[in-house]
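> Numbering (my numbering), first residue to last: 9 to 237.
By construction, the Cβ of each residue, glycine as well, lies at the ideal position given by its N, Cα and C atoms.
Structure in structure tokens, see below.
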Amino acid sequence: MKNYRIHFIRHGMTEANLRREYVGRTDYDLCPEGIRQLIQKREEYAYPPADRIFCSPLARCIQTAGILYPDCRKLTVNSHFLELDFGDFEGKTYDQLKDREDYRQWLANSLTTAPPGGESGEEFMSRLVVGLNEVFAQMMEEKLDDAVVITHGGVIMTLLHGVGLPKTEFGTWQAGNGEGYTVAMNTAMWMRDRAFEIVAPIPQPKGSSQEEDEDWEEDAWEEDWDEDE
């Protein structure tokens, strides 16, 4: 049975990263250091192939796609891959929020509790699964082997923790800027189990066995949400 490879990559660094803010929907550009880091990673490491790129509509993700995949002309913007809506917590730091009761309640149970004016973890996950279904359907329709999804840190952690195998702690899948994970999907596993296999981190060292195989065949909020996701 055919496996489809989806490569989830977190956008590059922004000024909000440096200020350690919760930022979901504010449309920041990459900062100069973020651009430099992405160029350096692209030159020093191997990124997976992209038959098509799916991208959050925010500038930091679209700019990351242009830097890491300058030759790819097939880019689809998909708003289902936006970061969590942090509501009233948007643009604030842990130190600014730590004494608020609504913030403490959210940290204690982010799955069913939403920030004021924002999304709960359940609502977030439901949205992401819709986006993943759209990517998977388009890959099958276009007979694509490899798709790249350039998105946000919370998106990657939530999807991999929620439907990824092997099962492990949420924070295991925290990705640095310009980093992420490759997953493998097939129709049986997805339709039967609503699951995919987590294959490898991104990027890979140049010359690694995975990078050399052109087909890429696969043999909590306070701490784990990394501010500007």
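Which partner residues of tyrosine 55 appear in the DSSP bridge assignment?
Translated into the one-based positions of the sequence shown, residue 55 becomes position 47. DSSP, once it has assigned bridges, lists no residue as partnering tyrosine 55.
> Quick one: what's got a C-beta closer than 8 angstroms to threonine 120's C-beta in the same chain, skipping five residues either side?
Here residue 120 corresponds to residue number 112 of the sequence shown, with the count starting at 1. Ser128, Gly129, Glu130, listed in sequence order.
> With three or more C-beta pairs closer than 8 angstroms as the rule, is the segment 103 to 112 touching the segment 146 to 160?
Judged by Cβ distances under 8 angstroms, the segment 146 to 160 makes no contact with the segment 103 to 112, as fewer than three pairs qualify.
> Quick one: is methionine 199 buried, meaning 16 or more other Cβ sit within 10 Å of its Cβ, or exposed?
Looking up residue 199 in the sequence shown gives position 191. It counts as exposed.
> Taking Cβ to Cβ, would you say threonine 101 is nearer than 8 angstroms to arginine 27?
Counting from one through the sequence shown, the residue named residue 101 turns up at place 93. Counting from one through the sequence shown, the residue named residue 27 turns up at place 19. For threonine 101 and arginine 27, yes; Cβs fall inside 8 angstroms.
> Take every Cβ of the segment 176 to 183, pair it with every Cβ of the segment 19 to 36, and state whether three or more of those distances are shorter than 8 angstroms.
no
> One question on the structure: do phenylalanine 89 and valine 163 come within less than 8 angstroms of each other, judged by their Cβ atoms?
Counted from its first residue, the sequence shown places residue 89 at position 81. Counted from its first residue, the sequence shown places residue 163 at position 155. With respect to valine 163, phenylalanine 89 sits close: the two C-beta atoms are nearer than 8 angstroms.
> What is the DSSP secondary structure of histidine 19, reduced to helix, strand or coil?
Residue mapping note: residue 19 aligns to position 11 of the sequence shown, counting from 1. The answer is coil: DSSP assigns histidine 19 none of H, G, I, E or B.
> Residues bridged to glutamate 29 by DSSP?
For the purposes of this step, residue 29 is taken as residue 21 along the sequence shown, with counting starting at 1. Paired residues: Thr101.
> Can you give me the Cβ contacts of glycine 126 inside the same chain, cut-off strictly under 8 angstroms, excluding the 5 residues immediately before and after it?
The residue given as residue 126 occupies position 118 in the sequence shown. Contacts found: Gly32, Leu92, Asp93, Phe94, Gly95, Asp96, Phe97, Glu98.
> Between the C-alpha atoms of tyrosine 189 and valine 171, what's the straight-line distance to the nearest angstrom?
Position 181 of the sequence shown holds residue 189. Position 163 of the sequence shown holds residue 171. Whole-angstrom Cα-Cα distance: 13 angstroms.
> What first and last residue would you give for the beta strand (DSSP E) that runs through alanine 208?
The residue you call residue 208 lines up with position 200 of the sequence shown. Where alanine 208 is concerned, the enclosing beta strand (DSSP E) stretches over 204 to 210.
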